[in-house]
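To get the numbering used here, take the position in the sequence shown, counting from 1, and add 59.
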Amino acid sequence: MPQKNTESALSPEDAARLEAFEAHVGKGGYVEPKDWMPERYRKQLIRMMSQHAHSEVVGMLPEGNWITRAPSLRRKMVLLAKVQDEAGHGLYIYCGTETLGVDREELVEALLAGKAKYSSIFNYPTLTWADIGAIGWLVDGAAIVNQTMLAKASYGPYARAMIRICKEENFHKRQGYEIMATLSKGTPAQKAMAQDALDRWWWPSLMMFGPSDTNSPNSAELIKWGVKKKTNDELRQRFVDLTVPQAEAIGLTLPDPDLRYDEETKHWNFGEIDWDEFWTVVKGNGPCNKERLEARRRAHDDGAWVRAAAEAYAAKRNGHNRATAA
Ligand SMILES: [Fe+2]
Ligand SMILES: [Fe+2]
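Pasting the structure below:
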């Protein structure tokens, strides 16, 4: 894979710094905001972290859709808390991204202009209440697998954000699994609703881990620099291995006729992902891509008065502080 940051283009001083940097992260060392880092490391982290922050925020939309229709007060409170947590995750990771010297406004503008990516999973619709169960169980479950790895990432602010976020994601996953378990023990119609949600969300959840290793241009570099510790396919396999027994335990069937346990490797083999669907959604043509971006733009416009008020308040406080200091 061609790399823009070739060593031949570096000054002798930077070449030495790069060598020291790679030795440091190679030993599992952390990189902090004021440390020297290769420009490409900084850029890759901005790309990954901002995509992650956008995903947390856009991810509130499909579930927010069900807050008013949750079937009981308990479910409503839990879902409300979960969606609110996702907003917190977004803010946390935007703050982390800012430590790399980028402005949050710039990141948000890139999202609203359709230039920045977020997780494709949120471009699928939530058609029934069971979808809220499937999302918590599968989507937050897949996020935990990915984020547990990122909690060991070489960039300190990102790793530390992940530790806290993962604790909340575990609660998200459990509330989703509990919804699915309850529905599958319910009436035949409720069980069918849970199975239908699982059928629709299973494959998009597997796609959350990104392209296969043979088609993932950034992976090798991210692994070399300790940002990622495992490849997309390794993480996907771990998620499948964890989820198969969970589906069995609540009497639901994963929609994959090729799913088979391999006694030798001790892993579950699974069928081929529909990569055409994957790329269609990544390129902006999934079922809800346009709707999601429109909703974010509307929310941003509707929030203009809050930003203006916060700025006016900050200016007033600054004026007040200066007056008291003088
Ligand atoms: Fe989250
Ligand atoms: Fe979550």
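Heads up, the beta-carbon is just placed ideally off N, CA and C, and yes, glycines get one too. As the structure is a prediction and not an experimental result, all values here were calculated from the model.
Mark residue i as exposed unless 16 or more other C-beta atoms lie within 10 angstroms of its C-beta, in which case mark it buried.
i: Ile-180; result: buried
i: Glu-78; result: exposed
i: Lys-232; result: buried
i: Asn-291; result: buried
i: Ala-172; result: exposed
i: Asn-377; result: exposed
i: Gly-147; result: exposed
i: Leu-170; result: buried
i: Ile-282; result: exposed
i: Leu-209; result: buried
i: Pro-61; result: Because Pro-61 carries a pLDDT of 45, less than 50, the predicted location of this residue cannot be relied on, and the following value inherits that uncertainty. Under this definition Pro-61 is an exposed residue.
i: Ser-114; result: buried
i: Lys-349; result: exposed
i: Ile-224; result: buried
i: Asn-182; result: buried
i: Val-365; result: exposed
i: Lys-342; result: exposed
i: Tyr-214; result: buried
Please indicate yes or no: does the CB of residue i lie closer than 7 Å to some heavy atom of ligand 1?
i: Ala-202; result: yes
i: His-379; result: no
i: Glu-228; result: yes
i: Ile-222; result: no
i: His-326; result: no
Consult DSSP for residue i and reduce its assignment to one of helix, strand or coil.
i: Tyr-153; result: helix
i: Tyr-49; result: A question about residue 49 goes unanswered here, because the residues of the chain that appear run from 60 up to 385.
i: Asn-328; result: strand
i: Tyr-236; result: helix
i: Tyr-372; result: helix
i: Tyr-217; result: helix
i: Asp-321; result: strand
i: Val-90; result: strand
i: Thr-158; result: coil
i: Val-286; result: coil
i: Thr-241; result: helix
i: Ala-82; result: helix
i: Asp-190; result: helix
i: Lys-141; result: helix
i: Lys-174; result: coil
i: Ala-68; result: helix
i: Ala-146; result: helix
i: Pro-61; result: Residue confidence is low: Pro-61 scores 45 on pLDDT, short of 50, so the model does not pin down where it sits. No coordinate-derived value is stated.
i: Trp-95; result: coil
i: Ala-212; result: coil
i: Pro-121; result: helix
i: Ala-75; result: helix
i: Ala-129; result: coil
i: Gly-269; result: coil
i: Gly-345; result: coil
Between residue i and ligand 2, is the CB less than 7 Å from at least one heavy atom?
i: His-113; result: no
i: His-83; result: no
i: Asp-144; result: yes
i: Asp-360; result: no
i: Asp-258; result: no
i: Asp-199; result: yes
State the start and end residues of the unbroken alpha helix (DSSP H) segment that holds residue i.
i: Tyr-100; result: 98-117
i: Asp-361; result: 348-361
i: Thr-302; result: 291-308
i: Lys-283; result: 278-283
i: Pro-263; result: 247-266
i: Leu-313; result: From DSSP, Leu-313 is part of no alpha helix (DSSP H); its letter is neither H nor E.
i: Thr-207; result: 199-209
i: Arg-163; result: 163-171
i: Asp-335; result: 334-339
Kindly examine ligand 4 and report whether one of its heavy atoms sits closer than 7 Å to the Cβ of residue i.
i: Asp-272; result: By its list of ligands, the structure shown excludes ligand 4, since it contains just ligand 1 and ligand 2.
Cβ contact check for the stretch 155-162 and the stretch 131-144: 3 or more pairs under 8 Å: no
Touching by the beta-carbon criterion (3+ pairs, under 8 Å), the stretch 324-333 and the stretch 293-305: yes
Touch test, the stretch 83-91 against the stretch 198-209, Cβ-Cβ under 8 Å, three pairs minimum: no
The stretch 109-124 / the stretch 238-252 touching (three or more Cβ pairs under 8 Å): no
contact_flag[the stretch 248-265, the stretch 305-325] where n(CB pairs < 8 Å) is 3 or more: Under the three-pair Cβ rule at 8 Å, the stretch 248-265 counts as touching the stretch 305-325.
Stretch pair the stretch 127-136 + the stretch 91-99: three plus CB contacts closer than 8 Å: no
Contact between the stretch 187-198 and the stretch 260-270 (3+ Cβ pairs under 8 Å): yes
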